[in-house]
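K.L.:
Protein chains in written order, with this note's numbering: chain Y, 1 to 360; chain X, 1 to 360. The C-beta atom is built at its ideal place from N, Cα and C for all residues, glycine as well.
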């Protein structure tokens, strides 16, 4: 007998990017930072006293929350620490959206969002993006009209890397009459000249939650540590009620603290990624692919119509030990999402692409 | 404006036991193992390569699942690894219980259960335990009659430490017509003579899930690692659909593997706890408290009616640096739950109790 709820039985789970066992694979498929985490992270691990693991961890990661609050110039009450951004996404749904109430998002977007909506048995309202991945001007209006309780926007956008500016976020927070989450998984790679700092808006709006993660910017995808920034009235019910009582273990708290305390190392990696991003974009463009500017650590490249298909290129690269991401979805089937790697990674990608695209 | 769902607004969050900052406190309030984890745990931490944290972890903790499957003589498909037992409890509710459908449990029980039910907006069906914390014979019948979709039983029972035997579990799994979760957070402390092994029942019943945790038995409360054992048809939807995509970080997977691989160390601690449990029980009884046998790593002591109240004793002990647990609840208000500590911890408890109970 099957005991699953109907909505669970009917849904498909989230498919994460391939994680090859082979360490030689050039892995440009899951937007991981190509540089290792700060040396202080290794120190924190080596000096961790295993004996303290017999006791429960500090339940709310308060030391981390203080560090994050200082970084964003908000109060610790404006911060919730979570197991990666994923836990925060689940918590906002659990806390603010009743089953059967709609959740709004763009199309395309981070493919986990509709999966989480289905788990809560919530319909999804999808607004297609316009040319060059622009958000339609009437997005807020459409969210309100559909009665959504939560809007999820990834910014910089995935999979395109385009960025909504501060004023656009401010306008959305003002115009949307329910909770708005801005998922800033890739924000650390934004060019500093853009002066983007949406966290500063949480004191202005009681419906805005900003999601941050250490996965990409701090080279800690394997750690599962993120946080949310928002008005205390939004943070408190997640912190005190809906969060698993001890959601963050003692070691990961210590590591996350070390990463934030040694942010200069992470900032160095962001700079490297930005430099490589431009170099890679030029090289891909020279090969005939169309590659818009990106503010994230990946590029979304449209393949040349007369040449091999995106799927063929994906397969060719995989055969030659280079993994990129291919989405068999409307609007994306002629594109490849390519994570910016080290100069050596990118060089290998380019070499293999040159061969694949060379006139036969 | 408050954006919380009504059920979240109305509920109280789970209150975890006090975690004093003072390392000198004799901490007998949260059922932590008084002995440190296996030396192999420290080794696993020291030898962990921080560089690998930049990549996502293995999503389903497959190596751990294989080790746990070997231990329980089931298949890896019968195992899901989770962040402590708490995540498994949340997942069974998310996966098998629609909002507004009832969840069954005993009274008293682990105080987290009703909190998790409220988060899913599920009513709770509570069946009071009988004399000496016995489960009423008609428990299964009452679950079925109330239409519960999930029954949660902690065994050994918390906060009493009493144990339902294998035959009772078998009968419950057979008679209850929905999912039955047996929460074995404390099972490692059961006397081996009892020959209790409910995991062996999961191949017999497609509605039985057994919860295990490394928190108590393996001295790893700070790690947040547990697992579920059940029929593949119960495990799969949680593993592939409702679980956060990367619920377990790379370091905790490595540590949990080391703990299971060096189970002999943990087993040594279980033996110590059992010996101390009996010694402590005798000493408390000699002081006039009523203390039933316990198969867990704690004792539930009823205070002497003519003496100080349980709450007064709790406060007295706390003032003197000894933390125990007091529940201000019907049926428990004249009792203290005392975790079995090291011989030195227990000695300090007894000394202070003697003074508190000495004729004034």
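Does the contact criterion of 3 or more C-beta pairs under 8 Å hold for the region 268 to 275 of chain X versus the region 184 to 197 of chain X?
P.N.:
Cβ pair count under 8 Å is three or more, so yes.
K.L.:
So, with DSSP's three-state summary, where would you put residue 189 of chain Y?
P.N.:
Taking the first chain and counting its residues from 1, the one referred to as residue 189 of chain Y is at position 189. Of the three classes helix, strand and coil, the one that applies to residue 189 of chain Y here is helix, per DSSP.
K.L.:
If you run the structure through DSSP and keep just helix, strand and coil, what is residue 238 of chain Y?
P.N.:
Counting from 1 along the first chain, the entry for residue 238 of chain Y is found at position 238. Correct three-state label for residue 238 of chain Y: helix.
K.L.:
Select from the region 308 to 328 of chain Y all residues with a C-beta closer than 7 Å to any C-beta belonging to chain X, and list them in chain order.
P.N.:
Going along the region 308 to 328 of chain Y in chain order, one finds no residue with a Cβ nearer than 7 Å to chain X.
K.L.:
Alpha carbon to alpha carbon, how far is residue 219 of chain Y from residue 213 of chain Y?
P.N.:
Working through the first chain from its first residue, we reach residue 219 of chain Y at position 219. Working through the first chain from its first residue, we reach residue 213 of chain Y at position 213. Near 10 Å, if we compare the C-alpha coordinates of residue 213 of chain Y and residue 219 of chain Y.
K.L.:
If we define contact as Cβ-Cβ less than 8 Å, is residue 41 of chain Y a contact residue for chain X?
P.N.:
Sequence index remark: in the first chain, residue 41 of chain Y carries index 41 (1-based). It does; some Cβ of chain X falls within 8 Å.
K.L.:
CB residue 198 of chain Y to CB residue 166 of chain Y, shorter than 8 Å?
P.N.:
Along the first chain, read from residue 1 onward, the residue named residue 198 of chain Y stands at position 198. Along the first chain, read from residue 1 onward, the residue named residue 166 of chain Y stands at position 166. Cβ atoms of residue 198 of chain Y and residue 166 of chain Y: closer than 8 Å.
K.L.:
What's the C-alpha gap between residue 315 of chain X and residue 250 of chain Y?
P.N.:
For the purposes of this step, residue 315 of chain X is taken as residue 315 along the second chain, with counting starting at 1. For the purposes of this step, residue 250 of chain Y is taken as residue 250 along the first chain, with counting starting at 1. Distance between the alpha carbons of residue 315 of chain X and residue 250 of chain Y: 28 Å.
K.L.:
Short of 7 Å in beta carbon distance, which residues of its chain neighbour residue 173 of chain X, apart from the five on each side in sequence? Order them along the chain.
P.N.:
Residue numbering aside, residue 173 of chain X sits at position 173 when the second chain is read from its first letter. Hits under 7 Å: 180, 201, 205, 207 and 208.
K.L.:
Would you say residue 1 of chain Y reaches chain X, if we count a Cβ-Cβ gap shorter than 8 Å as a contact?
P.N.:
Your numbering for residue 1 of chain Y matches position 1 in the first chain. It does: the Cβ of residue 1 of chain Y has a partner Cβ on chain X nearer than 8 Å.
K.L.:
Between the region 286 to 296 of chain Y and the region 77 to 85 of chain Y, are three or more C-beta pairs nearer than 8 Å?
P.N.:
Judged by Cβ distances under 8 Å, the region 286 to 296 of chain Y makes no contact with the region 77 to 85 of chain Y, as fewer than three pairs qualify.
K.L.:
At a Cβ cut of 8 Å, what residues of the region 18 to 38 of chain X count as close to chain Y, listed as they run along the chain?
P.N.:
Flagged, chain order: 19, 27, 30, 32, 33, 34, 35, 36 and 37.
K.L.:
Pop quiz: residue 63 of chain Y and residue 257 of chain Y are said to be a contact at Cβ under 8 Å. What is the actual Cβ separation, rounded to whole angstroms?
P.N.:
Here residue 63 of chain Y corresponds to residue number 63 of the first chain, with the count starting at 1. Here residue 257 of chain Y corresponds to residue number 257 of the first chain, with the count starting at 1. Right, the Cβ-Cβ distance comes to about 6 Å (below 8 Å), so this counts as a contact.
K.L.:
Taking 8 Å as the threshold (beta carbon to beta carbon), is residue 103 of chain X in contact with chain Y?
P.N.:
Your numbering for residue 103 of chain X matches position 103 in the second chain. False, the Cβ-Cβ gap to chain Y never drops below 8 Å.
K.L.:
Hey, quick one: how far does the beta strand (DSSP E) through residue 206 of chain X stretch, first residue to last?
P.N.:
The count along the second chain starts at 1 and reaches residue 206 of chain X at position 206. Where residue 206 of chain X is concerned, there is no enclosing beta strand (DSSP E), given that its DSSP letter is neither H nor E.
K.L.:
Using the C-alpha atoms, what's the distance from residue 139 of chain Y back to residue 155 of chain Y?
P.N.:
One-based indexing of the first chain puts residue 155 of chain Y at position 155. One-based indexing of the first chain puts residue 139 of chain Y at position 139. In a straight line, the C-alpha of residue 155 of chain Y is about 15 Å away from that of residue 139 of chain Y.
K.L.:
Would you report the Cα separation of residue 267 of chain Y and residue 216 of chain Y, rounded to the nearest angstrom?
P.N.:
One-based indexing of the first chain puts residue 267 of chain Y at position 267. One-based indexing of the first chain puts residue 216 of chain Y at position 216. Straight-line Cα distance between these residues: approximately 11 Å.
K.L.:
Per DSSP, which one or two residues make a beta bridge with residue 128 of chain Y?
P.N.:
By 1-based counting over the first chain, the position of residue 128 of chain Y is 128. Answer is Y:107, bridged to residue 128 of chain Y.
K.L.:
Return the CA-CA distance between residue 349 of chain Y and residue 343 of chain Y, expressed in angstroms with no decimal places.
P.N.:
Counting from one through the first chain, the residue named residue 349 of chain Y turns up at place 349. Counting from one through the first chain, the residue named residue 343 of chain Y turns up at place 343. Between residue 349 of chain Y and residue 343 of chain Y, the C-alpha separation is close to 10 Å.
K.L.:
Check whether chain X comes within 8 Å of residue 224 of chain Y, counting only Cβ atoms and requiring the distance to be less than that.
P.N.:
Looking up residue 224 of chain Y in the first chain gives position 224. It does: the Cβ of residue 224 of chain Y has a partner Cβ on chain X nearer than 8 Å.
K.L.:
Taking the beta carbon of residue 130 of chain Y as the centre, do at least 16 other beta carbons fall within 10 Å, making it buried, or is it exposed?
P.N.:
Mapped onto the first chain, residue 130 of chain Y falls at position 130. Exposed is the call here.
K.L.:
Spell out whether any CB of chain Y is found under 8 Å from the CB atom of residue 179 of chain X.
P.N.:
Within the second chain, the letter at position 179 stands for residue 179 of chain X. It does: the Cβ of residue 179 of chain X has a partner Cβ on chain Y nearer than 8 Å.
K.L.:
To the nearest angstrom, how far is it from the Cα of residue 71 of chain X to the Cα of residue 320 of chain X?
P.N.:
Numbered from its first residue, the second chain carries residue 71 of chain X at position 71. Numbered from its first residue, the second chain carries residue 320 of chain X at position 320. Going from the Cα of residue 71 of chain X to the Cα of residue 320 of chain X covers about 42 Å.
K.L.:
Would residue 220 of chain X count as contacting chain Y if we go by Cβ distances under 8 Å?
P.N.:
Numbered from its first residue, the second chain carries residue 220 of chain X at position 220. It does: the Cβ of residue 220 of chain X has a partner Cβ on chain Y nearer than 8 Å.
K.L.:
Would you mind telling me which residues of chain X sit closer than 7 Å to residue 99 of chain Y, beta carbon to beta carbon, in chain order?
P.N.:
Counting from 1 along the first chain, the entry for residue 99 of chain Y is found at position 99. Here the neighbours are 99.
K.L.:
Could you tell me the alpha carbon to alpha carbon distance between residue 356 of chain X and residue 313 of chain X, rounded to whole angstroms?
P.N.:
Residue numbering aside, residue 356 of chain X sits at position 356 when the second chain is read from its first letter. Residue numbering aside, residue 313 of chain X sits at position 313 when the second chain is read from its first letter. Approximately 7 Å, taken between the alpha carbons.
K.L.:
Any Cβ of chain Y within less than 8 Å of the Cβ of residue 242 of chain X?
P.N.:
The residue labelled residue 242 of chain X in the question sits at position 242 within the second chain. Yes - at least one Cβ of chain Y is within 8 Å of the one on residue 242 of chain X.
K.L.:
Using CA atoms only, rank isn't needed, just tell me which of X:145, X:13, X:106 and X:162 is closest to residue 136 of chain X.
P.N.:
Position 136 of the second chain, counted from the start, is the residue given in the question as residue 136 of chain X. Among X:145, X:13, X:106 and X:162, the Cα nearest to that of residue 136 of chain X belongs to X:106.
K.L.:
What does residue 151 of chain X pair with, by DSSP beta-bridge criteria?
P.N.:
Indexing the second chain from 1 puts residue 151 of chain X at position 151. The partner list for residue 151 of chain X (beta bridge, DSSP) reads X:104 and X:180.
K.L.:
For residue 301 of chain X, write down the residues that DSSP places opposite it in a beta bridge.
P.N.:
Indexing the second chain from 1 puts residue 301 of chain X at position 301. Residue 301 of chain X is bridged to X:336.
K.L.:
Give me, in chain order, the residues of the same chain whose beta-carbon lies closer than 6 Å to that of residue 234 of chain X; leave out the 5 immediate sequence neighbours on both sides.
P.N.:
Here residue 234 of chain X is taken as the residue at index 234 of the second chain, counted from 1. Cβ within range, chain order: 209.
K.L.:
Is it true that the CB of residue 300 of chain X sits closer than 8 Å to the CB of residue 340 of chain X?
P.N.:
Here residue 340 of chain X is taken as the residue at index 340 of the second chain, counted from 1. Here residue 300 of chain X is taken as the residue at index 300 of the second chain, counted from 1. Against a cut-off of 8 Å, the Cβ pair of residue 300 of chain X and residue 340 of chain X comes out as no contact.
K.L.:
Under the DSSP definition of a beta bridge, which residues are partnered with residue 325 of chain X?
P.N.:
Position 325 of the second chain, counting from 1, holds the residue named residue 325 of chain X. Answer is X:337.
K.L.:
Consult DSSP for residue 275 of chain Y and reduce its assignment to one of helix, strand or coil.
P.N.:
By one-based count along the first chain, residue 275 of chain Y stands at place 275. Reduced to three states, the DSSP call for residue 275 of chain Y is helix.
K.L.:
Do the region 148 to 162 of chain X and the region 108 to 118 of chain X meet, that is, are 3 or more Cβ pairs less than 8 Å apart?
P.N.:
Flag = yes, the region 148 to 162 of chain X and the region 108 to 118 of chain X touch.
K.L.:
Name the residues in the region 329 to 346 of chain Y whose C-beta lies less than 7 Å from a C-beta of chain X; which are they?
P.N.:
The region 329 to 346 of chain Y vs chain X, Cβ under 7 Å: nothing.
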